[in-house]
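Novice:
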Amino acid sequence: SLQALSANPSNPALDLMFAEIVKELNCICGCKMELQPCTCDEPKGSQEIRRFVLMLVQQGLPRPDIIKRLEEKYDKGILIKKT
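Quick note on numbering: this note's numbering labels position 76 of the sequence shown as 170, and the sequence is numbered without any gaps.
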């Protein structure tokens, strides 16, 4: 299950960072959902984006760098607009 995706079972801090970042993202496949509840497997969809975030978290990148990489790969529409 996607909810069971774990950055590193022995490192709760990485799991928390993964979860916090995913909460701030949109699925950009066209389904118009936020990433967290979405489970689509479309190109540029939820599963692909989660795998990308997971890879960056596991590489030890700091949060601002992960956000920057997400914007570079998926455009600024990936970020949920904070009001």
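A virtual CB, placed ideally from N, CA and C, is assigned to each residue, including glycine.
Cutting at 6 Å between CB atoms, please list the residues of its own chain near C123, excluding the five before and the five after it.
Specialist: Answer for C123: C134, E136, K138, G139, listed in chain order.
Novice: Find out if the Cβ-Cβ distance for the pair V147, M111 is shorter than 7 Å.
Specialist: No, they are not a contact pair.
Novice: Inspect the beta-carbon positions of L129 and L119 and report whether they are closer than 7 Å.
Specialist: Yes, Cβ-Cβ distance for L129 and L119 is below 7 Å.
Novice: Out of Q153, K117, V116, which one is the CA nearest neighbour of N105?
Specialist: The shortest C-alpha separation from N105 is found at Q153.
Novice: I'd like the span of the alpha helix (DSSP H) that includes D135, first residue to last.
Specialist: That residue, D135, is in no alpha helix (DSSP H); it is neither H nor E in DSSP.
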